[in-house]
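Protein chains: 2
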Amino acid sequence: MGCRESGEDYYKIVNIHIYKNLDELKDLLNKYIYHKDHIIIIVGYMKIIYRGRASSEADYARRLLMIKPDGTLLIHEARGRDPVNWQPPGSICSFGIENQELKLRCQRQQYNEEVIVYFKDLFHIGVAILDVSNFFEVKGVERDIVDQIISTGLPIDRNAKLVGKEISTPHGKIDLVYINNERNIMYIIEVKNEKAGVAAVDQLRRYVEYMKQHSRGRNIIGVLIANGISDEAIKLILTYDFIFLNIRNLRIIKRERKLDTYLKDSSVNSLSS
Amino acid sequence: MGCRESGEDYYKIVNIHIYKNLDELKDLLNKYIYHKDHIIIIVGYMKIIYRGRASSEADYARRLLMIKPDGTLLIHEARGRDPVNWQPPGSICSFGIENQELKLRCQRQQYNEEVIVYFKDLFHIGVAILDVSNFFEVKGVERDIVDQIISTGLPIDRNAKLVGKEISTPHGKIDLVYINNERNIMYIIEVKNEKAGVAAVDQLRRYVEYMKQHSRGRNIIGVLIANGISDEAIKLILTYDFIFLNIRNLRIIKRERKLDTYLKDSSVNSLSS
DNA sequence: GCCTAGGTCCCGTAC
DNA sequence: GTACGGGGCCTAGGC
């Protein structure tokens, strides 16, 4: 397999053998750290020590290490989505030499954490120039669901009016609050984009209890809107007389299902997941 | 900068220019996928489309892409610890060609998710052979703290006896339960290795409420043991008459602080964070 | 397989 | 800055 000279493009290979001593290599690498958009990639035989909120030691093994210009450190092995060791953005990295080995220290101010890497062997060093793409679209997040409810109205009571969103309580923020003045009902809405577990029901419950204490006289109804629900969570929903709405049903609204069909369906707890 | 032939070691550079047509390159890359411990690394100008639980589109930009032999896909930009797009272990990846561009599709059975990448330009392709290190030590996790409490006893009441751990309730699992029979007190212990917020206090509260209903007559006391606590959480602790213990204090025990000093300190809520 | 909870979670956002 | 909650969270452990 051949070899490629790269000058005009966005990946430079650092020829390890050129460097007579580690000092030169160390200095070069330190120059690349924090260079705008320059990512250092090292494949080598390395040992890792991490000390901080937790601590870990990993003996020498073949791993891939990356340093990003924002101070991110990533060390990957052959498996898993997550790095075996890392340092989040903002950490301060620098190369040194110890016992004739290249050494990397990455420190994080917050948490007083550090990762130290010792390199016994280097298989490849490269410097890539990468982008930060700004216009990254993501759809389907909780916020969008909340917005959809706001724009289409509360499915279980079309006469209820939105009176607040992201309402702060000592227990956290209530996603949405609706009120039907004629029937003297307040709806406390909790939205989860994922499948709801017991924690979600309890979160809703403490909002409802809080509002019961702070708006006496009103009927408070808790409404959980989520993408499915676990068995235990269903039981709690029934225990507390809350209402569960599956997000799928809301999506069908958007696809022009008749609204009155909805009112009928939603008059009872909808537990289909 | 020079170039390095690599045969004996653990990084092979794939010379892109050697391949007259993309077909050959595509076939080569497909051969490397799922090779034992072979990680494919591609630095290039790529477009990404993701569809699944959420969805996203990222226009062409310079990014670094990795495929691990366990089916992990990672795509990184110049910033951030997390990849901009990814696929967890177990996904099925294969290279193809579309509109004279190299194309990668990674599919995940579960969730029916897929990531599709189109490469307009390739700056570097490498194949690394990495390890999976088995003996990775981690200390300081919540379980260790729980074990420590079990071995040293409940600091606030040395006469209380451990009657259970990981006790299942409809609201989740209680970390530890202690009982002092003489004083007819049951302690519900919630342990957090991190700084406690309102969610942790509420979690404790629902355990306490549940146990109040299911062990009538006993005095139930909620005890939160955590690594610091937020202001709002303190207020809730006081509201509910719970006890907060800072994990630091427990650690001091281990360092041979006198136990009776402890009993004094712990007889009141310890709110120092 | 589902469910539950922890994590060096990371990350954005509001205060 | 801190605090709080979401996330395509991921990952390990139970059942």
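These protein sequence lines are chains A and B, in that order.
If you read the first sequence in our numbering, its first letter stands for residue 7, the second for the next number, and so on.
If you read the second sequence in our numbering, its first letter stands for residue 7, the second for the next number, and so on.
We put the CB at the ideal spot given by N, CA and C, even for glycine.
Through-space distance from residue j to residue i, alpha-carbon basis
i                     : j                     : result
residue 19 (chain A)  : residue 183 (chain A) : 57 Å
residue 93 (chain A)  : residue 185 (chain A) : 47 Å
residue 81 (chain A)  : residue 160 (chain B) : 39 Å
residue 79 (chain B)  : residue 224 (chain A) : 52 Å
residue 76 (chain A)  : residue 138 (chain A) : 11 Å
residue 147 (chain B) : residue 103 (chain A) : 32 Å
residue 163 (chain A) : residue 199 (chain A) : 21 Å
residue 252 (chain B) : residue 60 (chain B)  : 39 Å
residue 25 (chain A)  : residue 31 (chain A)  : 6 Å
residue 295 (chain A) : residue 165 (chain A) : Examination of residue 295 (chain A) is not possible in this model, given that chain A is present from 7 through 279 alone.
residue 313 (chain A) : residue 29 (chain A)  : This structure does not reach residue 313 (chain A), given that chain A is present from 7 up to 279, and the question cannot be answered.
residue 37 (chain A)  : residue 45 (chain A)  : 12 Å
residue 57 (chain A)  : residue 110 (chain A) : 14 Å
residue 244 (chain A) : residue 238 (chain A) : 10 Å
residue 86 (chain B)  : residue 95 (chain A)  : 6 Å
residue 264 (chain B) : residue 105 (chain A) : Residue placement at residue 264 (chain B) cannot be trusted, given a pLDDT of 29 that sits under 50; what the coordinates show is reported in the next sentence. About 42 Å.
residue 250 (chain A) : residue 202 (chain B) : 29 Å
residue 158 (chain B) : residue 256 (chain B) : 9 Å
residue 240 (chain A) : residue 178 (chain B) : 14 Å
residue 222 (chain B) : residue 214 (chain B) : 12 Å
residue 169 (chain B) : residue 189 (chain B) : 15 Å
residue 114 (chain B) : residue 84 (chain A)  : 19 Å
residue 130 (chain A) : residue 73 (chain A)  : 14 Å
residue 40 (chain A)  : residue 34 (chain A)  : 12 Å
residue 206 (chain A) : residue 15 (chain B)  : 51 Å
residue 180 (chain B) : residue 48 (chain B)  : 47 Å
residue 88 (chain B)  : residue 167 (chain B) : 44 Å
residue 21 (chain B)  : residue 209 (chain B) : 56 Å
Three-way DSSP call (helix, strand, coil) for residue i in this model
i                     : result
residue 232 (chain B) : strand
residue 154 (chain A) : helix
residue 138 (chain A) : coil
residue 19 (chain B)  : strand
residue 239 (chain A) : helix
residue 25 (chain B)  : coil
residue 110 (chain A) : strand
residue 67 (chain B)  : strand
residue 258 (chain A) : In this prediction, residue 258 (chain A) has a pLDDT of 37, which is less than 50 and means its spatial position is unreliable; nothing more can be read from the coordinates.
residue 79 (chain A)  : strand
residue 208 (chain B) : helix
residue 127 (chain A) : strand
residue 105 (chain B) : coil
residue 163 (chain B) : coil
residue 38 (chain A)  : helix
residue 118 (chain B) : helix
residue 215 (chain B) : helix
residue 30 (chain A)  : helix
residue 196 (chain A) : strand
residue 87 (chain A)  : coil
Per-residue contacts from residue i into chain A (C-beta, under 8 Å)
i                     : result
residue 129 (chain B) : 12, 15, 16, 17 and 134
residue 78 (chain B)  : 85, 86 and 87
residue 178 (chain B) : 204 and 205
Residue(s) in a DSSP beta bridge with residue i
i                     : result
residue 186 (chain B) : B:191
residue 249 (chain A) : A:229
residue 48 (chain B)  : B:71 and B:131
residue 168 (chain A) : A:184
Listed by chain order, chain B residues near residue i by CB distance under 7 Å
i                     : result
residue 74 (chain A)  : 84 and 85
residue 70 (chain A)  : 45, 134 and 136
residue 114 (chain A) : By Cβ distance, chain B contributes nothing, its closest Cβ being about 11 Å from residue 114 (chain A), past 7 Å.
residue 94 (chain A)  : 87
Within chain A, partners of residue i - CB distance below 7 Å
i                     : result
residue 49 (chain B)  : 16, 17 and 134
residue 212 (chain B) : 208
Closer than 9 Å at the beta carbon, the chain B residues around residue i
i                     : result
residue 236 (chain A) : By Cβ distance, chain B contributes nothing, its closest Cβ being about 11 Å from residue 236 (chain A), past 9 Å.
residue 242 (chain A) : 176 and 177
*Are there three or more Cβ pairs, one per stretch, closer than 8 Å when the stretch 44-59 of chain A is compared with the stretch 109-126 of chain A?*
yes
*Using 8 Å as the threshold, is the stretch 191-199 of chain B in touch with the stretch 227-237 of chain B, meaning 3 or more CB pairs across them?*
yes
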